[in-house]
Every structure is written in C-alpha cells, then in structure tokens.
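Working notes for the structure below.
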Amino acid sequence: MTKMTSSTSQRIASIKSRLRLPAICAPMFLVTGPDMVVSACKSGVLGTFPATNARTEDQLVSWLDQISTSITKADAPWALNMITHNSYGRFDAELDLVRQYQPDLVITALGGPHRVTDVVHGYGGLVFADVNSPKFARKAIEKGADGLVLICAGAGGHTGEYAMIPFVEEVRTFFDGPIIVGGGIGTGRGIKAVEALGVDFAYLGTRFLACKESLINDDYRQMVWDSQMEDLIASRAITGALGNWMRASVEAAGLTEEAMKAVAKIDFSQDMHAGTKAWKHVWSAGQ
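As numbered in the numbering used here, the sequence shown has no gaps in its residue numbers, which increase by one up to the final residue, 287.
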C-alpha cells in the first residue's frame, strides 16, 4: 500500500479549502481555454486546460498570463494538463512554462509523470497522472505521481473501459493518496456519489462542454445539446487512444463504422492544430 505523505495531505486540504465543490472542470482537448479556466476558478471549481490547446508557444504564454493575473487567492486553484508522451515535441518548452507560472496541479496524460515531478515538486505543486486501468495506476505511482486521475467508462475525450466503482475499489487496495475520478459525472448527485467512494475530487467535462466560455464552434455546441448517451461511439481510430466520439460528427466526417474499428498510431510529434486532423472534425463528448 502506497501511503499519502503528510505534505501531500496538507496540500490537498489547502486546495479543498478554496473550492465551493470538490469538483474540477476537466481539461478538454480543443475545448478548454483561459476564459473557461478563469470562470471556473471564480465560481469555486478548480479550472484546468490542456497546454496543447494553445496553437503556439506564444499563445500559451498569453493564456498563462491571463490566468495567472486573473485568479487570486480568493479564487479556486488552477491546473495545467500536459502530454508527457515521448513523441510530443513541445514538452520541454511547456515544462519551462510550468516552472515559471507554477500551477497548483500538473496533470499528466499519455505518458509518465516522472518527466515533470522534479520541476513541480520544486515549487511545491502536486502531480496527478491520468490513468485508465489499475496497471497504469501502479505505473504512475511508481513513477512519482502524488495523485491519480481515474478515467472511467463513460468519460468524454480519451476514455476508460472500467466501471467507476470497481476501478476505485481496486486502486484503493494499493494507494491511499488523493484521487480524482471522471466518467459520466455531471450533477451534484454525481459529485456526492464519488465522495461516498472515498474520492477527493470529481472530474466534470461534458457538463461544461457547451458553455459560452468553451473554444468549440456553434455546430459542435448544438450537437452536444442534441445528442444522447446512445449517440457515442468508443473508438481508437481517431487518436490511437480509446475515445468517445459523437456519432453525428463521425457520419458528417464520412467515416464508416468499419473505419472506426481501426487503431490509429499515437503520434504527437507534429503540430496538433495544422493540416487535416480527424479530431478536428470528429467531436467528442462523455455520457
């Protein structure tokens, strides 16, 4: 059993004291930007965004400036979501910005947390790792993560295959540190339910997807309103990682059900905003 350190416990307590709800506005690719982060934090919910959403490093600096100058100690904390996959070409530049802007949390995805722990721990921040299986949860702990983000079945974007309750129960057999859980949570009842599981924070993404502060266009926003949970397709064909995609956008992109059974290669070495990318036209949501 990996025990939570006293310093981590104190940091988590400090973060919770600044929240109105134990909830996090989840980082959503090509959706979450600085306006959503600031609005969430000023509403008492921890705001996050993926660094990859900024098209250039200069734009990322501008966003970080906006967030750091808009959020005060009276507001909720904020977090940065980083890709730590070895193929991601902007990693070093983003890590330098983490060192400079010092988000309260850094949430790693699609790679090991060990690549950021020295920098984040150096200024007193915490590192959480996105994981979608007990196997990856163990690996993240071994690589120095302070906490885990359990991505469960029903989550939007990159999703999980395990149901929330057994996933949490399994992880709690070997880890008693802080846990964030995501997958189909969108109400106060859902937040209360995950608290009863012994989880520290609830990840809410789709609940905020169509809000006016998001980066999505009106067609995407309307599709969110029009779609039901049965309108989602789980597939690895878009990014290589399992994701939930809205059927209407899959059909509009001209992709067949057979094409959605393919498995794309995970490769973040190129500009993720340039050219024709499947994820720019096939839109995600959670249950």
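Quick reminder that beta carbons are idealized off the backbone N, C-alpha and C, glycines included.
message: With a threshold of 8 Å, are at least 3 pairs of Cβ atoms found where one atom belongs to the stretch 23–38 and the other to the stretch 60–75?
response: yes
message: Between the stretch 85–103 and the stretch 4–20, can you find at least three pairs of beta-carbon atoms closer than 8 Å?
response: no
query: When the Cα of Asp-58 is compared with those of Phe-128, Phe-201 and Leu-97, which residue comes out closest?
result: What you label residue 58 is simply residue 58 of the sequence shown in a count that begins at 1. The candidate whose alpha carbon is nearest that of Asp-58 is Leu-97.
message: Since Val-181 and Leu-150 should fall inside the 8 Å C-beta cutoff, what is the C-beta to C-beta distance between them, to a whole number of angstroms?
response: Locating residue 181 in the sequence shown gives position 181, counting from the first residue. Locating residue 150 in the sequence shown gives position 150, counting from the first residue. Indeed, because the Cβ distance is near 5 Å, the residues count as touching under 8 Å.
- prompt: CB-CB under 8 Å to Thr-84, same chain, minus the five flanking residues each way: which ones, in chain order?
  reply: Translated into the one-based positions of the sequence shown, residue 84 becomes position 84. For Thr-84, where only same-chain residues beyond five positions count, the Cβ hits under 8 Å are Phe-91, Thr-108, Ala-109, Leu-110, Gly-111, Gly-112, Pro-113, Arg-115 and Val-116.
message: Using a Cβ-Cβ cutoff of less than 7 Å, which residues in the same chain neighbour Phe-174 once the five nearest sequence positions on both sides are dropped?
response: Translated into the one-based positions of the sequence shown, residue 174 becomes position 174. Here the set comprises Met-1, Thr-2 and Arg-138.
Length-filtered (3 minimum) beta strand (DSSP E) runs lying within the stretch 93–141: 105–109 and 126–131
- prompt: Can you list, in chain order, the residues of its chain whose CB lies under 7 Å from that of Met-229, leaving out five sequence neighbours each side?
  reply: Here residue 229 refers to the residue found at position 229 when the sequence shown is read from its first residue. Cβ within range, chain order: Gln-287.
message: Using C-beta distances below 8 Å, list every residue in its chain close to Thr-8, excluding the 5 sequence neighbours before and after it, in chain order.
response: Taking the sequence shown and counting its residues from 1, one reaches residue 8 at position 8. Closer than 8 Å at Cβ, skipping near neighbours: Leu-126, Asp-146, Gly-147, Gly-177 and Pro-178.
- prompt: Since Val-181 is in the beta strand (DSSP E), which residue starts that stretch and which ends it?
  reply: By one-based count along the sequence shown, residue 181 stands at place 181. From DSSP, the beta strand (DSSP E) with Val-181 extends over 179–182.
task: Please go through the stretch 169–252 and give each complete beta strand (DSSP E) segment of 3 or more residues, from N-terminal end onward.
output: 179–182, 201–204, 232–235 and 243–246
message: On the DSSP letters alone, give me the boundaries of the alpha helix (DSSP H) that Thr-8 sits inside.
response: As a working note, residue 8 is residue 8 in the sequence shown. Segment 6–17, the alpha helix (DSSP H) holding Thr-8.
field: Coil, strand or helix - Thr-48 by DSSP
entry: Within the sequence shown, numbered from 1, the residue matching residue 48 stands at position 48. Of the three classes helix, strand and coil, the one that applies to Thr-48 here is strand, per DSSP.
query: Looking only at C-alpha atoms, which of Glu-213, Thr-48, Ser-39 and Ser-227 sits nearest to Ala-285?
result: In the sequence shown, the residue the question calls residue 285 occupies position 285. Ranking Glu-213, Thr-48, Ser-39 and Ser-227 by Cα distance to Ala-285 puts Ser-227 first.
query: For Ala-163, which beta-bridge partners are listed by DSSP?
result: Here the question's residue 163 lines up with position 163 in the sequence shown. Ala-163 is not bridged to any residue.
Classification of Ile-165 by the beta-carbon crowding that lies within 10 angstroms, buried from 16 upward: The residue given as residue 165 occupies position 165 in the sequence shown. Ile-165 comes out exposed.
query: In angstroms, rounded to a whole number, what distance separates the CA positions of Ser-43 and Ala-76?
result: Residue 43 sits at position 43 when you count from the first residue of the sequence shown. Residue 76 sits at position 76 when you count from the first residue of the sequence shown. Straight-line Cα distance between these residues: approximately 8 Å.
- prompt: Do you know how far the Cα of Ser-68 is from the Cα of Val-38?
  reply: Translated into positions along the sequence shown, residue 38 becomes position 38. Translated into positions along the sequence shown, residue 68 becomes position 68. Spanning the two alpha carbons is a distance of roughly 9 Å.
Sequence-distant residues of its chain with Cβ nearer than 7 Å to Gly-275 (five each side left out): Taking the sequence shown and counting its residues from 1, one reaches residue 275 at position 275. With a pLDDT of 44 at Gly-275, under the threshold of 50, the predicted position of this residue should be treated as unreliable, and no value is reported.
- prompt: Anyone know if the C-beta pair for Pro-22 and Ala-193 falls short of 8 Å?
  reply: Taking the sequence shown and counting its residues from 1, one reaches residue 22 at position 22. Taking the sequence shown and counting its residues from 1, one reaches residue 193 at position 193. In this structure, Ala-193 does not lie closer than 8 Å to Pro-22 by Cβ.
task: Ignore the nearest five residues each way along the sequence and tell me which others in Leu-30's own chain have a CB closer than 8 Å to its CB.
output: Translated into the one-based positions of the sequence shown, residue 30 becomes position 30. Once the five neighbours on either side are set aside, the close Cβ partners of Leu-30 are Asn-53, Leu-215, Ile-216, Trp-279 and Lys-280.
message: Mapping the DSSP letters down to three states, classify Gly-275 as helix, strand or coil.
response: Indexing the sequence shown from 1 puts residue 275 at position 275. Interpretation of Gly-275 is limited by its pLDDT of 44, a score under 50 that renders its predicted location unreliable; the figure taken from the coordinates is listed afterwards. In the structure shown, Gly-275 sits in coil (DSSP, three-state: anything other than H, G, I, E or B).
- request: Identify whether Leu-21 lies in helix, strand or coil by the three-state DSSP scheme.
  value: Taking the sequence shown and counting its residues from 1, one reaches residue 21 at position 21. In the structure shown, Leu-21 sits in coil (DSSP, three-state: anything other than H, G, I, E or B).
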